[in-house]
Each structure stands twice: as structure tokens, then as C-alpha cells.
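Take a look at the structure set out below.
Protein chains: 2
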Amino acid sequence: MPTTPAVPDGKRPTLAHVAARAGVSVALVSIVMRGAYGASATTRERVLKAAEEIGYRPDTRARVLRSNRSRLLGVQFGLRHPFHTDLVEGIYAAAEPAGYQVALSAVAPTRGERQAVEALLADRCEALVLLGPEVPAARLAHLATQVPVVSVARRLRPAPPAVDVVRTADDEGARQAVDHLVALGHRAIAHIDGGRAPGAADRRRGYRTAMHRHGLADHVHVLPGGLTEDDGARAARSLVAENPRPSAVLAFNDRCATGVLDTFLRAGVTVPGEISVVGFDDTSLSRLAHIDLTTVAQDIPRLAELAVGRAIARLDGEAVPEGEQVVPPHLVVRGTTAPPATD
Amino acid sequence: MPTTPAVPDGKRPTLAHVAARAGVSVALVSIVMRGAYGASATTRERVLKAAEEIGYRPDTRARVLRSNRSRLLGVQFGLRHPFHTDLVEGIYAAAEPAGYQVALSAVAPTRGERQAVEALLADRCEALVLLGPEVPAARLAHLATQVPVVSVARRLRPAPPAVDVVRTADDEGARQAVDHLVALGHRAIAHIDGGRAPGAADRRRGYRTAMHRHGLADHVHVLPGGLTEDDGARAARSLVAENPRPSAVLAFNDRCATGVLDTFLRAGVTVPGEISVVGFDDTSLSRLAHIDLTTVAQDIPRLAELAVGRAIARLDGEAVPEGEQVVPPHLVVRGTTAPPATD
DNA sequence: ACTGCCATCTAGAACGTTCTAGAAGAGGGC
DNA sequence: GCCCTCTTCTAGAACGTTCTAGATGGCAGT
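If you're matching them up, the sequences are chains D and W in order. Each residue of the first sequence is one higher than the one before, starting from 4 at the first, in the numbering used here. Each residue of the second sequence is one higher than the one before, starting from 4 at the first, in the numbering used here.
Following this line, the structure appears as C-alpha cells:
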């Protein structure tokens, strides 16, 4: 039996056990544990030593029960979306320095958004940060009557007054992608869209208006896509068959773009030689050396930071400005775009 | 203000509020909420109605505090690993029917395993399920003195008595892959390994012994790899340069294999025409139509089920058999393997 | 000697739930 | 009438923490 910690009987050590061992009151141990004012240096040391010896660990449940603040941020995310998991990393990074804990609740095939949110609320989260929520806006508005709600990457229109929205300027991102391609000399630029996914409508619109602004209205070409590799691959197969073929494609997101890339490679269509490809999100996927995808970067750390900041501001009762917080994207040029082939 | 729920003052409704509204005692409401025996049908209905009306939601924190059981399973996973996120889905599916909740704690660049586990323990998880833990075995043994610990996919040798291990027979999986390739007629089969990642040593060993058994000791060829796409791509680039080139590759896992595939495609090496590729894990990645990877399937639902089952058995004080639980893998043949080119 | 103040410490209530023990009332059998 | 039993309900303690209000003692100023 390796280094058994001297737990009193068989249960988890509590403040009372520490207090008994250090010969002080429970309240004083609490003070020391919180690092609060009101204990002398010497007893502080003695208490900490006693706690260490019996392996005491504060019980967040009891702590939360007593102090009305749980300092707990509930985050709902999709296990399958790299964009979400990247955001979660950012949320951890933003929340912990601010003194907030993060409770994760995943959306999975067997576990809908409703269930995910219920679990967070039962856990006494003080605010909810929902990544790309797909429930009806009315449901979000209803939730927001109970607890501050931040919707990340999902635009709500008309915006319910109580729900905060943090998102990327998707239309602007699509515009940047088109501008980049046009500057390289492309004219026939297609867009593989995201259907009803959060952000898809804005990206589509951004693409359309940018094309118009460049006088390329005749070349507007939107293919039905989606947010998975499969969706991208399917759209790409239909592109390959086209004649004439566009010289560039803007995909809904990085996953979709990798599906496109792969199909092109298989079909012997060289990238960026014969056709340029642009993704969206700048997830870790696109940064991988063997994908090396030109993409519109969402500023994931910034989105995470704003979402957390907004939630905390609401909790602190600060008068937060109404309206969405929109983060500008920026194009990251990598290896999948080049001037079009000069026939 | 849309459908404000009639919360008493401004706080979260409690049992006492429901009790007051229904005109019964707090204890009775508790009975009804838990669905326990001891309330008549009519009052049960009345209480539920009252609870519904004021939007009551049980407080798991308080609940846990009182009943020593938290029925909470702590799961540590890596946000970046599809294999882990797939497992998490399985764990949700296995735990909830058994009446256990799942608390997730992610490992990320800014958040080490130590931190992840501390959070779970502070949250009163009754047992820990650690996915591919990389901390020293001694640390796991120490944790196991406080709470049941299940290590998934990480073998421990010598096995600390108190830590349960649930894993795939990695050596057997590698053997199956080699057998398959040999049956197709391959002889020069290389292995891109996983370095020190959990499971890597066993897969390497399985590969080696299988090669020996087929009399292909001379063709044993292990390239240093890793668990990301980049690692696979790097190894594949060195393979492409070899002469003669192996006719088949077994990659450490699916991510690694997709890196290999991509590099081959770029280099104009056809798969499976010139070279066959086998992955490991059968994550959702490999199933994607455009990757269509032959791979060794880990039985993810089964692993999840066993891990959860073991944890629960320990909690119920059942005398669980010592030793690891090893799940057999099975080969899934898809499009990246074929007989070698007949020169 | 009295007062006041500061630093240090403590008792006991509170948080929202579950659990134990038992009360109230309705019937049934003698 | 008495004793059971069964169902339905309730009072109050308990869980581990934090918070409020105060106790204690030392020191300084008058």
C-alpha cells in the first residue's frame, strides 16, 4: 500500500478533521484555506501543514452551496467539431485567470443540446456559454431569463435582448477571401456553402456581395455543401465534372475544405496549380503541414476571451452595451492559393 | 420580457418554495422529486405541477452534499484527440443509463493532467476514468488510494494493484493488420510507430512478432512517427525517398495515417496501387468517404462500456477480478489496401 | 484604572438537499 | 375497545462549507 494518506476513517477529509488536527476552529481553517484575512502567520502555517498531512481537499460542492457564487461557467460544445474544441481551450485559458471554473457539457448523438444545458443548470453554473447552439432563438431567450447566456458563432436575428452574441464577421471573412483570390487574378470563384449551419448565411452573403463589387456577378456560383469533410468532397466531385471549371473555391470551413482538397488530389486536379482552395476557421487542421490551407482565420482566442468576458460582466452586474460583439477575421495565406493557370 | 417564470424573489427556486406553493412539507417534495416511494398519486401530481409552475430545478450540489453518493464519474480527456472524443461519447452513453453523471475535464496546452484531475476530485467525483493518461504510474497508484481509477488505453506495467486498466489488444491489432497485408501478397511492410504514446510499444511489438512469424524478419522496418498528422507526413516523406520502397505501411493511428495518405497523394504515389496504408483506431476520421482508410478498429463503445462498468463495480464494492480488461480489435478493410503491384 | 482598538480567533446559523424517526389517520380482526 | 398494519405525511438533523457576530487578549493612550 503506497503512502496511504492518513485519512481519518475511510471518508474524505473535511475542514473539521483539519481543525481537530491543528487544534483550531473550523472557521479558522476555512479562513486559511481561502487565503482570507484574519489568521496569524504561524497558525496559518500550522493549519496548512495539518491539511497537507491528511490530504485535505476543499469540496467545491459544499463551498458553492454556502456562498451563493459558484463562479462556474457552463460551456456547451460539440465533441466532433475542432472549431469548438479549440474554443474550449481558449475558454479555459480566459476563465481560470479570472477566477472562474469551467464546466463542460458535450453535445453528442445520444445527448442533445437540451440535455447538455439541463446538466449545466443543475450544476449551478452562473452563466452559459453556448458554442454554435442550434436550438431555436426563443429557447435561448427563455434560458436567458434564468441565467446570462452567451451565444458564440451563432447569430440571432432579431437578437433577443438578453442573449449576448459573440461572433466573427463572417461576411467580412468571405469578402477577404474573394478579394485575395481576385487580387491573384481569379474571376471564376465558386463557393461551397454551409447550408443552415451557424454563420453559413453570412458567409454566403459576403461572397455574393464581394463578387458583385468586383463586377463578377456572372461568376457567382454557390454549391450546396455543409460542415463536414464529406460535404466538401461531394461538392468537389461535382465541381470536377464542370466545364469550364472555376479556378478557385471558397469552402464553408476547414473541414469542408479538406474534403475538397482530397477529392481534387484524387481526381488529379492540382492545387493550387489548376484550382485554388480557401477554407474558413483556421482550426489546427488547416495549420498542419500536409494540408497547409489558405483560410480565413477566426480569432479563436479573442472569441473565447470576449465570450468569457461578457458572461463575467453580466454576472458582475456591469451595464454591458447591447448588441453583438463582432470580431474581425483575417486571411491566412498558405499553400493552397496561387494565381490561376494562364491558358 | 418573455414568459418570466414565477421565481419567488430573484433567486433560484428551492424545494421550500415548491413545498410552500403545493402546501406540503419539504421532505415530501423531495420524495416526489426523486420519484421515491411514499407519496400518494394525487399529491405527487400537485407537487409536480407546483414545481413546473415556478420552474424548479433540483440542485445537484446540495443533493450530493447530503447523500454521500455523488454518482458522478470524472473523465479526463484530450480535446485534440478524436479517439478520446469518440470515447467520451461512448462514456456518456454507458454512464447515463446506469444512473451516473459524467463530469468532463479536458487536458489542453494550458491545462495539464494534474490540474484536470484536481478539478474532478474537488468536484467530488466518485471515480476517475482517465483516457490515455501520461502521468507516471506511481501518480496513478497514489490517486487510486483515494478513489477508484480506470486507465483507458494506457497499459501499466507492472500494474499497480488498485488501478483498473481497460485497453485494446494493441499487439493483436498490429498482428491482424500484418496478416491482412501478407494475405494480400505484401512482404515489405513498414511500421510508422507512435514513439512513447500509450499503446505504441505494444503495436510495435505486435508488428515485429507478426513479421517474424511470417518469415519476414528481414523486412521489419520501423520508422519514428507519432500521433499527429504531421508525424505521419514526416515519416511518409522519408518513405517516398526510399528505394526500394515498401509496398505497405502500418501507421500508428488514423491521424498519422491520414498524414501518410496525403503525403503520398502529393508525391504522386498512388494508394493502394503503389502502396497500401493501414491505420489504427477506426475513429470517425477513417470512416469519411474521402479517406476511406483500412484500419484496425478499436471497439470504442465496448471500451467505454467496460471502463464505466469497472468504475461502477468498484463503487458498488463488488469484488472485481484483478488484471486488465483487454478488448480484441478487428480489422476494417476499406479502400487503402490492395494486393501489391506486380512488377 | 478605564477605554478603545486591533489582531486573532470562535460559536453557530445558513445554504438546499436527503435521511431517519416517527406522527396521523384509516381500516381490519379479535 | 384494543392492537395491528399500512399508507401518507412531517419535523428536524445532517452533509461540508462560508458568513455574521462576537469573544478574547494585548497594547496604547488618557
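Positions of the beta carbon are idealized from the N, C-alpha and C atoms, including for glycine. Fair warning: this is a prediction, and the values are worked out from it, not measured in the lab.
CB contact check: residue i to chain D, cutoff 8 Å
i                : result
Tyr103 (chain W) : no
Asp167 (chain W) : no
His293 (chain W) : yes
Glu56 (chain W)  : no
Asp205 (chain W) : no
Val67 (chain W)  : yes
Ala9 (chain W)   : Note that Ala9 (chain W) scores 43 on pLDDT, short of 50, meaning its location in the model is unreliable and no value can be drawn from it.
Glu92 (chain W)  : yes
Ser154 (chain W) : no
Ala98 (chain W)  : no
Thr340 (chain W) : no
Same chain, Cβ closer than 6 Å to residue i, neighbours up to 5 away in sequence not counted
i                : result
Asp174 (chain W) : Asp205, Arg208, Gly209
Val29 (chain D)  : Leu18, Ala19, Ala22
Arg60 (chain W)  : none
Val336 (chain D) : Thr297
Val32 (chain D)  : Leu18, Val21, Ala22, Val50
Arg47 (chain W)  : Val35
Gly176 (chain D) : Val299, Pro332
His194 (chain D) : Tyr210, Val225, Leu253
Ala98 (chain D)  : Leu76, Val105, Val311
Ala307 (chain W) : Leu90, Gly93, Ile94, Ala97
Any C-beta of chain W under 8 Å from that of residue i
i                : result
Arg114 (chain D) : yes
Gly262 (chain D) : yes
Glu232 (chain D) : yes
Ser33 (chain D)  : no
Thr63 (chain D)  : yes
Ser43 (chain D)  : no
Ala95 (chain D)  : Per the sequence presented here, residue 95 (chain D) reads as Tyr, with Ala not at that position. So, interface residue.
Thr266 (chain D) : yes
Thr212 (chain D) : no
Thr88 (chain D)  : yes
Leu219 (chain D) : no
His333 (chain D) : no
Gln301 (chain D) : no
Ala53 (chain D)  : no
Asp126 (chain D) : yes
Gln328 (chain D) : no
Arg60 (chain D)  : yes
Best match in the options for proximity to residue i [C-alpha to C-alpha]
i                : options                                : result
Glu277 (chain W) : W:His224, W:Ser289, W:His189           : W:His189
Leu288 (chain D) : W:Arg305, W:Arg248, W:Arg258           : W:Arg258
Phe283 (chain D) : D:Gly262, D:Thr266, D:Arg269, D:Ala270 : D:Gly262
Ala349 (chain D) : D:Pro332, D:Asp196, D:Gly338, D:Ala316 : Residue numbering for chain D in the displayed model covers 4 to 346; residue 349 (chain D) lies beyond these limits and cannot be assessed.
Ser154 (chain D) : D:Glu321, D:Pro342, D:Gly235, D:Leu309 : D:Leu309
Pro249 (chain W) : W:Ile303, W:Pro275, W:Gly102, W:His87  : W:Pro275
Leu334 (chain W) : W:Pro139, W:Pro324, W:His183           : W:His183
Val120 (chain D) : D:Thr113, D:Leu107, D:Pro112           : D:Leu107
Arg69 (chain W)  : D:Gly320, D:Ala65, D:Val280            : D:Ala65
Gln328 (chain W) : W:Arg313, W:Ala122, W:Ala54            : W:Arg313
Same chain only: Cβ atoms within 8 Å of residue i, ignoring 5 sequence neighbours per side
i                : result
Arg157 (chain D) : Leu133, Gly135, Pro136, Glu137, Val168, Arg170, Pro201, Gly202
Met214 (chain D) : Val181, Ile192, Ala220, His222, Val223
Ala9 (chain W)   : Because Ala9 (chain W) sits at a pLDDT of 43, beneath the cut-off of 50, its placement in the model cannot be relied upon, and the following sentence gives the value as read from the coordinates. Counting only Cβ-Cβ distances below 8 Å, and skipping sequence neighbours, we find Glu56, Ile57, Gly58.
Asp62 (chain D)  : Arg15, Thr17
Val243 (chain D) : Thr266, Phe267, Ala270, Val272
Cβ-Cβ separation, residue j to residue i (assumed contact under 8 Å), whole Å
i                : j                : result
Gly81 (chain W)  : Val110 (chain W) : 5 Å
Gly271 (chain W) : Gly228 (chain W) : Incorrect: roughly 22 Å between the Cβ atoms, too far for contact.
Asp361 (chain W) : Ala292 (chain D) : Any property of residue 361 (chain W) remains undetermined from this structure, which presents chain W solely from 4 to 346.
Gln79 (chain W)  : Glu116 (chain W) : 7 Å
Ala130 (chain W) : Pro151 (chain W) : 4 Å
Sequence-distant residues of the same chain with beta carbon closer than 7 Å to residue i, five excluded per side
i                : result
Arg305 (chain W) : Val330
Met4 (chain D)   : The pLDDT assigned to Met4 (chain D) is 34, lower than 50, so where the model puts this residue is not dependable; a value taken from the coordinates is nonetheless given after this. Once the five neighbours on either side are set aside, Met4 (chain D) has no close Cβ partner at all.
Ala127 (chain D) : Inspection of the sequence shows that residue 127 (chain D) is occupied by Arg rather than by Ala. So the list reads Val67, Ser73, Leu75, once near-sequence residues are dropped.
Ala144 (chain W) : Pro163, Ala165, Val166
Pro16 (chain D)  : Val10, Ile57, Gly58, Tyr59
Gly41 (chain D)  : Ile34
Residues sharing a beta bridge with residue i, DSSP
i                : result
His194 (chain W) : W:Val225, W:Leu253
Thr297 (chain D) : D:Val281
His333 (chain W) : W:Ala300
Arg170 (chain W) : W:Val329
Gln79 (chain W)  : W:Ser108, W:Leu133
Contact test: residue i Cβ vs the ligand COA heavy atom, cutoff 7 Å
i                : result
Ala144 (chain W) : By its list of ligands, the structure shown contains no ligand whatsoever, and the ligand COA lies outside what it can speak to.
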